[in-house]
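S.K.:
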Amino acid sequence: MLDHMTLTVSDLARSKAFFLGALAPLGHGVIMEFPGVVGLGSRGRPFFWIHPGRTGTDTVHVAFQCSDRKAVDAFHAAALEAGGKDNGAPGLRAHYHPAYYGAFVLDPDGNNIEAVCHTPE
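Following this line, the structure appears as structure tokens:
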């Protein structure tokens, strides 16, 4: 399983503001910050890093696991409020499995950011 990941962004300040807003309902915030890199996570452990650089034409899909469907809903609302673009409103995605409840937004660089809950209601 993954321990952490880094996402290259075109504007660090803009992306930091977006991810702080989008991930706050999931309990994630800035854990570490160094010149040119921001580490977000929870419980003292950064697991999602962003740094500026040249972004390619391909985008990335990142999914954050949630403990319940309310957190997925809160993520979606907060991400839109933080400047994200809707890429799939909260709801069941039964084609993955019957309890798959997810929401999708595009970050400022067009990456597909998801919050997902796998627990039946």
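Going by my numbering, the final residue of the sequence shown carries number 777, and the count climbs one at a time with no gaps. No residue lacks a Cβ here, since even glycine has one placed at the ideal position from N, Cα and C.
Please identify the residue among Asn768, Trp705, Glu737 and Asp714 whose C-alpha is closest to the C-alpha of Pro691.
M.R.: Taking the sequence shown and counting its residues from 1, the one referred to as residue 691 is at position 35. Checked all of Asn768, Trp705, Glu737 and Asp714; the closest Cα to Pro691 is Trp705.
S.K.: Less than 7 Å between C-beta atoms, sequence neighbours within five positions excluded: which residues of the same chain meet that for Leu847?
M.R.: No information on residue 847 is available, as it lies outside the stretch 657 to 777 that the chain covers here.
S.K.: Is Gly757 buried or exposed, if buried means 16 or more other CB atoms sit within 10 Å of its CB?
M.R.: Stepping through the sequence shown from its first residue, residue 757 is reached at position 101. Note on identity: in this sequence residue 757 is Tyr, with Gly being the wrong assignment. Tyr757 is buried by the Cβ-count criterion.
S.K.: Enumerate in chain order the residues of its own chain whose CB-to-CB distance from Ala738 is below 6 Å, with the five nearest sequence positions on each side excluded.
M.R.: Within the sequence shown, numbered from 1, the residue matching residue 738 stands at position 82. Excluding residues within five positions, the ones whose Cβ falls inside 6 Å are Phe674, Gly677 and Ala678.
S.K.: With distances taken from CA atoms, which of Ala734, Thr662 and Val686 is nearest Ser698?
M.R.: Residue 698 sits at position 42 when you count from the first residue of the sequence shown. With distances taken between Cα atoms, Ser698 lies closest to Val686.
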